[in-house]
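Q: Here's a structure for you.
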Amino acid sequence: MTAPTSSAIPATAASASAAAQRQDTLPRNPSPLYGLALAVAVGIFAMMLGRWMPIIGGPVFGIVLGIAIRNTVGVGPVFRPGLQFASKQILQWSIIALGFGLSIQQVAKTGLESLWVTLVTLAVAFLSAWLLGKWLGIPSKLKTLIGVGTAICGGSAIAAVTPIIKPEEHEVAFSISTIFIFNIVAVLAFPVLGHWLGMSDEGFGMWAGTAINDTSSVVAAGYSYSVAAGDYATIVKLTRATLIIPICLALALLVAWREKKQGGSDFNLARIFPWFILWFLVAAALRSTGLIPPEITSSLHLLAQFLIVVALTAIGLSSDLRRMMTAGIRPILLGLGVWVAVAGSSLAVQGAMGAW
Numbered sequence: 188m189t190a191p192t193s194s195a196i197p198a199t200a201a202s203a204s205a206a207a208q209r210q211d212t213l214p215r216n217p218s219p220l221y222g223l224a225l226a227v228a229v230g231i232f233a234m235m236l237g238r239w240m241p242i243i244g245g246p247v248f249g250i251v252l253g254i255a256i257r258n259t260v261g262v263g264p265v266f267r268p269g270l271q272f273a274s275k276q277i278l279q280w281s282i283i284a285l286g287f288g289l290s291i292q293q294v295a296k297t298g299l300e301s302l303w304v305t306l307v308t309l310a311v312a313f314l315s316a317w318l319l320g321k322w323l324g325i326p327s328k329l330k331t332l333i334g335v336g337t338a339i340c341g342g343s344a345i346a347a348v349t350p351i352i353k354p355e356e357h358e359v360a361f362s363i364s365t366i367f368i369f370n371i372v373a374v375l376a377f378p379v380l381g382h383w384l385g386m387s388d389e390g391f392g393m394w395a396g397t398a399i400n401d402t403s404s405v406v407a408a409g410y411s412y413s414v415a416a417g418d419y420a421t422i423v424k425l426t427r428a429t430l431i432i433p434i435c436l437a438l439a440l441l442v443a444w445r446e447k448k449q450g451g452s453d454f455n456l457a458r459i460f461p462w463f464i465l466w467f468l469v470a471a472a473l474r475s476t477g478l479i480p481p482e483i484t485s486s487l488h489l490l491a492q493f494l495i496v497v498a499l500t501a502i503g504l505s506s507d508l509r510r511m512m513t514a515g516i517r518p519i520l521l522g523l524g525v526w527v528a529v530a531g532s533s534l535a536v537q538g539a540m541g542a543w
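Numbering of the sequence shown is given in my numbering, commencing with residue 188 and proceeding in unit increments.
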C-alpha cells in the first residue's frame, strides 16, 4: 500500500509541473495581433466568397463564418483582445473611410431625407416597447434597454444608457443578446425581402438604415443588397445614431428628477458621443473640397469595404450562440415585437410617401 502511494506522488507532482509549464507558455496579456490576424484571414475568405456569390456578399459571409467558427471549433482567449478591437475600432475606421467616397452635400441630403422616417420609427420603437413590455411583464429598465437598442443603434445605445438608468447586469446581458439575435436575422432576411418587394437601392437603404438595430448589421445588409444601398443605408444609420445624444440627455434628466441623490451622476456626454460620426463628416467634407484625387478616394472606398468585412467577421467570431439563448423567452418576444413594429412602420411610411 505504501509503495503505490509514494510512486503516485511524483506522478502527480510531475503532472502539476507539466500543467504549470503549459500555462506559462500562454501569454498573460495576449497581443491584439492574434485576433486581428484571425479576423483578417477569415475576412479575406469571406470576401472571396462574396465575389463568388455577390447576392450574399462579403459582409454576410463574414458574420456567418465567424459565428460558425466560434460555435463549432471555438475561439481561444488569446484571440479575444484583437477581436474586440476589430469589432469596435476597425468598424469605426471603416465608416470614416467610407466618408471619403461621399460628398458632404450627399450626406446632408440623405440625412434630411431619412430624418422623418427615423423620427417615426423612433416613436414606434419606444411606444411598442412600453406597451408590449407592460403586457409581458418586463421590468422597466429592461424595457428601456430593448427599446433604445432597437430604436437607435443596438449594443452601442444600450451601453450608452446603462450608466444613466443603472440596470442589473443580467438585464444588460438580456437586452444585448436579444438585440443581437434580431440583428443576425435582419442581415440574412432584409436583402431577400428587399428583392422580393422590388425595392430600389435608396428605398432599401432607407429601410435598412431605419429598421435594423446595430451599425454593423445595417452595413452588412446594405452592402449585401448593393453598393449604392450600402452607402445610403450607412448615412441613414449614422443620422439615426446621432439621436442617442438627445435620448441620453432626456433619460439623464428623467433619472435626475426621480432620484434626487444620484440622478445623472455618472452621465458623461463626451464618453457617449459617437465621435467616429464627426470624423465621417470630416472625411466627406475633405472629399467635397476636391483636394483628394479620385483614384485615392476610390482606393479608400475599397479599403473601407474590406475593413467592414474584417470587423463583421470579428463580431461573428465573438458571438456565443449558447449564451444568447439563455436570455429567456419574454425579452426575446419583446425584442421581436419592437423590431417588427419598427420595420413595419418604416415600410409603411415609405410606402405611403411612394419612397420605394
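Heads up, the beta-carbon is just placed ideally off N, CA and C, and yes, glycines get one too. Given the structure is predicted, the values throughout are model-derived calculations rather than measurements.
Excluding the 5 residues preceding and the 5 following Tyr-412 in the sequence, name in chain order all residues of the same chain whose CB lies nearer than 6 Å to its CB.
A: Pro-378, Gly-381, Phe-391
Q: Taking C-beta to C-beta, are Ala-498 and Ser-327 nearer than 8 Å?
A: No. Outside cutoff.
Q: Let me know the secondary structure DSSP gives Met-393 once reduced to three states.
A: helix
Q: Does the beta-carbon distance from Leu-468 to Ile-291 come in below 8 Å?
A: yes
Q: Ignoring anything shorter than 4 residues, give me the alpha helix (DSSP H) runs that lie fully in the segment 249 to 318, in order along the chain.
A: 267 to 272, 278 to 286
Q: Between the beta-carbon of Leu-340 and the beta-carbon of Ile-431, is there less than 8 Å?
A: According to the sequence as given, residue 340 is Cys; it is not Leu. Yes, the Cβ-Cβ distance between Cys-340 and Ile-431 is below 8 Å.
Q: Could you tell me whether the segment 249 to 266 touches the segment 222 to 234, where touching means 3 or more Cβ pairs closer than 8 Å?
A: yes
Q: By Cβ distance below 6 Å, which residues in the same chain neighbour Val-335 in space, the five residues on each side in sequence not counted?
A: Ala-344, Val-348
Q: For the segment 304 to 321 against the segment 402 to 416, do three or more pairs of beta-carbon atoms, one drawn from each stretch, fall closer than 8 Å, so that the two count as touching?
A: no
Q: Go ahead and label Val-423 buried or exposed: buried means 16 or more other beta carbons lie within 10 angstroms of its beta carbon, across all protein chains shown.
A: Around the beta carbon of Val-423, 16 or more other beta carbons sit within 10 angstroms, so the residue counts as buried.
Q: At which residues does the alpha helix (DSSP H) containing Ser-327 begin and terminate?
A: 327 to 335
Q: Please report the Cβ distance between Ser-533 and Arg-257, rounded to the nearest whole angstrom; I am assuming they are in contact, meaning their Cβ atoms lie under 8 Å.
A: Actually they are not in contact, since the Cβ atoms of Ser-533 and Arg-257 sit about 31 Å apart, beyond 8 Å.
Q: Would you mind working out which of Ala-470, Ile-333, Trp-383, Leu-438 sits nearest Ile-366, comparing C-alpha positions?
A: Ile-333
Q: Once you ignore the five residues that flank Ala-501 on each side, which residues in its own chain have a CB closer than 6 Å to its CB?
A: Ala-226, Leu-270, Ala-273, Ser-274
Q: Kindly provide the ranges of any alpha helix (DSSP H) runs that are 4 or more residues long and lie completely inside the segment 499 to 541, ordered along the chain.
A: 508 to 512, 516 to 540
Q: Within a Cβ cutoff of 6 Å, which residues of the same chain sit near Ala-416, ignoring the five residues on either side of it in sequence?
A: Asp-388, Phe-391, Gly-392, Gly-409
Q: Hey, Ile-371 and Ile-516: beta-carbon distance below 8 Å or not?
A: no
Q: Alpha carbon to alpha carbon, how far is Pro-481 from Ala-376? Give it in angstroms, no decimals.
A: For Ala-376 and Pro-481, the distance between alpha carbons rounds to 35 Å.
Q: Using alpha carbons as the reference points, say which of Ala-470, Ile-434, Trp-383 lies closest to Ala-564.
A: This structure leaves residue 564 out entirely; the chain is present only between 188 and 543.
Q: Taking 8 Å as the threshold (C-beta atoms), are Ile-352 and Val-132 in contact?
A: Here the chain comprises residues numbered 188 to 543, so residue 132 is not present and cannot be evaluated.
Q: State the Cα-Cα distance for the pair Phe-313 and Leu-521, rounded to the nearest angstrom.
A: Put simply, the backbone Cα of Phe-313 is about 12 Å away from that of Leu-521.
Q: Measure from the alpha carbon of Trp-462 to the alpha carbon of each residue in Leu-425, Thr-397, Ala-437, then state which is nearest.
A: Leu-425
Q: Could you check which residue in Val-536, Met-540, Val-529, Leu-508 has the C-alpha nearest to that of Ile-254?
A: Leu-508
Q: In the DSSP assignment, find the alpha helix (DSSP H) that holds Pro-219 and state where it starts and stops.
A: 219 to 239
Q: Between which residues of its own chain and Val-529 is the CB-CB distance below 8 Å, once the five residues before and five after are set aside?
A: Thr-308, Val-311, Ala-312, Ser-315, Thr-337, Ala-338, Thr-397, Ala-398
Q: What is the rounded straight-line gap between the Cα of Val-359 and the Cα of Thr-331?
A: Thr-331 has its alpha-carbon roughly 10 Å from the corresponding atom of Val-359.
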